[in-house]
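Chains V and H are the protein sequences, given in the same order.
Here the first sequence is numbered in the numbering used here, starting from 388 and rising by one per residue.
Here the second sequence is numbered in the numbering used here, starting from 388 and rising by one per residue.
Beta carbons: idealized from backbone N, C-alpha and C, even for Gly.
Take a look at the structure set out below.
Number of protein chains: 2
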Amino acid sequence: MAKNYAIGVDFGGTKVIAAVVDTARGKVKGEFKIATSAFDSGDALMERIFEVVDGALANAKVSVDDCAGIGVGIAGQVDAERGLLIGTANLSRSVVDLPMADLLKKRYGIPAVLRNDVQIAAVGENRFGAGKGCDDFLCVFIGTGIGGAIVKNGEILPGASGNAGEIGHTTIEAHGRVCGCGARGHLEAYASRTAMTKVILGELRRGRTSIITDLIEGIDPTSNDVSIKSGILKKAVKAKDVVVTETIVEAGKYIGLGLASMVNFVNPQRIILGGGVIDSVDLLFETAEYWTRHEALPHAGAMVEIRKAELGDYSGVIGAAVIAADTANA
Amino acid sequence: MAKNYAIGVDFGGTKVIAAVVDTARGKVKGEFKIATSAFDSGDALMERIFEVVDGALANAKVSVDDCAGIGVGIAGQVDAERGLLIGTANLSRSVVDLPMADLLKKRYGIPAVLRNDVQIAAVGENRFGAGKGCDDFLCVFIGTGIGGAIVKNGEILPGASGNAGEIGHTTIEAHGRVCGCGARGHLEAYASRTAMTKVILGELRRGRTSIITDLIEGIDPTSNDVSIKSGILKKAVKAKDVVVTETIVEAGKYIGLGLASMVNFVNPQRIILGGGVIDSVDLLFETAEYWTRHEALPHAGAMVEIRKAELGDYSGVIGAAVIAADTANA
């Protein structure tokens, strides 16, 4: 008989979260999360995953034997078929071809699958969130970076080498800002939370005043280690802070231009926008939506539905658990 | 028994061509073409199609009764299911919901199907050209405009409203040049033959010298009606004309940036580049290929195959005939 639970893990740029999920109802029975930063080794990275999985099982009061499998989504390039983490620029520069699925299976004795972090979120939203009943959509998540996934005919479109969906690396300003990937003018360099942080710090450095200096005590605008969180951006917009509002409107326009290009090229029925800063800052979502419709070709632009992701922090863990359960029960 | 022939029609921005095609072998048995320009009415547009179809049948010495069907591809928005031409900005601004398939069926007494012009070319290349044996590719044609089609699992990806593939309307320079569609900074405004013509005329107007003034006698750089053909561009590059070479290199870089964005987002196995100016000017193809690989993310960029279309002027008519035959024999 199929088991009721599966474990989902979402390994992102700022935190890793695991949850024991009732996969028939899309409900989280118990969760555990910790902050992440860059790790030195694959061992360290696996230790973090074991820690959150153990924590989630304990919090859910569910035995691992009652779980159909473990699904992991990670911000990196993965080989889904072999369960390998090929590499991840944001989490560890030294990890190459880490056999994550095998290591998880060995430790927990249940099947394990590995995916990209946006792909699991897209599956979560498709099954229980803003993508319910829709089998043709783009999922775009704005965070430390910008990631995406394409769903066609109800399936993630993997791409020829499993790397489809990288909307953050769309050229939006030829010869523009240098992107984390090394190329120029990519959307991610204009509209990720990292990019917004850089713009705001730049404005502070040249002497403009902003409520940000009150909201983040002792903030050093010359430091490269500052990360302005979504909750802070929300407070600043609410307080009508000019610097932050300008920054959000600029980023939202770029997101809209990037989405409009993809509306023209892929012509999806729906776009689901997610990520902490979209969740928190309505102005960003609204600006992005406006420019998407405004810039897309009339027919495709008028019919596309644009929605916020609905599962918040849980899109990824629910999607990862669903994939694990589907795979185990196939 | 299935008939050996079908009729394909390719209605583009500068010419309309019809061919009687041996659809099992992808061979043109007879063809007929005429120049096009803007038409006033749907009737005028249909008359042109009747003229080339009649001409192709006569040249092929094939009776319409030996043809399985007629397939038409046109540079415009089509409703493939109902065989309607919804609209076409470049051919006629007055045509709305023209029932082309029905009108063709009525006249010739055989089944007729309607598609977008790049979609038929993609099918032609897939069956008999640079896409043979590949079921996951992008087809991009550079001409008066820039059009594209996405083939996944051997099928054209139509998009939710049948409008997928519009790579010409990708924002490549936010806030940049005004595009024919009215929006700003689109690839088509930087890299179509129309865009190259504008750039070259601009250079002439500000006094730079170019072999173009020798190659096109009496050219008026202040006119909006000049169209510099691919053959002329080829001659100018061969003569090492600086203005034209610069223009081609600039356009080729923009094409590469646009393709790299789509390599990152859709991760195709292959890209097929076609159109008169790609056929004629090797430098354009080479520059586009260089920048596509250079700008794409490493994994997806290294594995994508980049090829020239192989059927030249015939991609479209062969593809249209193949679709007509497949539909009639289904």
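For this session: Could you check which residue in H/Ile693, H/Gly688, H/Arg502 has the C-alpha nearest to that of isoleucine 371 of chain H?
Result: Outside the modelled stretch of chain H, which goes from 388 to 717, sits residue 371 of chain H, for which no answer is possible.
For this session: Specify the secondary structure class of aspartate 466 of chain V as computed by DSSP and reduced to three states.
Result: strand
Exercise. Using 8 Å as the limit for Cβ to Cβ distance, is serine 548 of chain H near chain V?
Worked result: Yes, contact with chain V.
Problem set entry | Start-to-end residues for the alpha helix (DSSP H) that takes in phenylalanine 672 of chain H | 669-682
Exercise. How long is the line joining the alpha carbons of valine 449 of chain V and valine 704 of chain V, rounded to whole angstroms?
Worked result: 16 Å
Exercise. Along chain V, which residues have their Cβ under 8 Å away from the Cβ of aspartate 523 of chain H?
Worked result: Ala547
Exercise. Any Cβ of chain H within less than 8 Å of the Cβ of alanine 647 of chain V?
Worked result: yes
For this session: Quick one: which residues of the stretch 674-699 of chain H get their C-beta closer than 7 Å to a C-beta of chain V? List them in chain order.
Result: Glu682, Leu684, His686, Ala687, Met690
Exercise. For the beta strand (DSSP E) that contains arginine 694 of chain V, what are its first and last residues?
Worked result: 692-695
Exercise. Can glycine 530 of chain V and serine 579 of chain V be called in contact, C-beta distance under 8 Å?
Worked result: yes
For this session: Starting from the N-terminal side, write out each stretch of the beta strand (DSSP E) that is 3 residues or longer and does not extend beyond the stretch 416-476 of chain V.
Result: 454-461, 464-466, 471-474
For this session: Just mark alanine 424 of chain V as buried or exposed, buried being the case when its beta carbon has 16 or more other beta carbons within 10 Å.
Result: Before going further, note that residue 424 of chain V is serine rather than alanine in the sequence given. Under this definition serine 424 of chain V is an exposed residue.
Exercise. So, threonine 674 of chain V versus valine 636 of chain V, is the Cβ gap smaller than 8 Å?
Worked result: yes
For this session: Note down the Cα distance separating aspartate 628 of chain V from isoleucine 615 of chain V, rounded to an integer number of angstroms.
Result: 14 Å
Exercise. Taking Cβ positions only, does glycine 534 of chain V come closer than 8 Å to chain C?
Worked result: Given the protein chain composition of this structure (V and H), no chain C is represented.
Problem set entry | Cut-off 6 Å between Cβ atoms - residues of its own chain near isoleucine 642 of chain H, not counting five sequence neighbours on either side | Ala578, Ala675
Exercise. If we count Cβ pairs, one from each stretch, closer than 8 Å, do we get three or more for the stretch 450-457 of chain H versus the stretch 710-717 of chain H?
Worked result: yes
Exercise. In the structure shown, what three-state DSSP assignment does lysine 622 of chain H receive?
Worked result: helix
Problem set entry | Distance CB(isoleucine 693 of chain H)-CB(leucine 660 of chain H) smaller than 8 Å | Cβ atoms of isoleucine 693 of chain H and leucine 660 of chain H: closer than 8 Å.
Exercise. Closest Cβ-Cβ distance between phenylalanine 721 of chain V and chain H: below 8 Å?
Worked result: Because chain V is modelled from 388 through 717, residue 721 of chain V falls outside the range shown and cannot be assessed.
Exercise. Taking the continuous beta strand (DSSP E) assigned at glycine 661 of chain V, which residues delimit it?
Worked result: 657-661
Exercise. Who are asparagine 369 of chain H's beta bridge partners in DSSP?
Worked result: Not covered by the structure: residue 369 of chain H. The range shown for chain H is 388 to 717.
Exercise. Is there at least one Cβ from chain H nearer than 8 Å to glycine 552 of chain V's Cβ?
Worked result: So yes, glycine 552 of chain V belongs to the interface.
Problem set entry | CA nearest to the CA of leucine 525 of chain V, picked from V/Gly541, V/Arg657, V/Tyr392 | V/Arg657
Exercise. Can you list, in chain order, the residues of its chain whose CB lies under 6 Å from that of valine 709 of chain V, leaving out five sequence neighbours each side?
Worked result: Thr410, Val510, Arg514
Exercise. By the criterion of Cβ-Cβ separation under 8 Å, what are the contact partners of isoleucine 559 of chain V in chain H?
Worked result: The answer, in chain order, is Thr558, Ile559, Ala561.
Exercise. Taking Cβ-Cβ distances shorter than 7 Å, what residues in chain V pair up with alanine 570 of chain H?
Worked result: Glu682
Problem set entry | With 16 other Cβ atoms within 10 Å as the buried cut-off, status of lysine 621 of chain V | buried
Exercise. Can you name the residues of chain H whose CB is closer than 7 Å to the CB of leucine 644 of chain V?
Worked result: Thr558, Ala561
Problem set entry | Cutoff 8 Å: leucine 544 of chain H Cβ touching any chain V Cβ | yes
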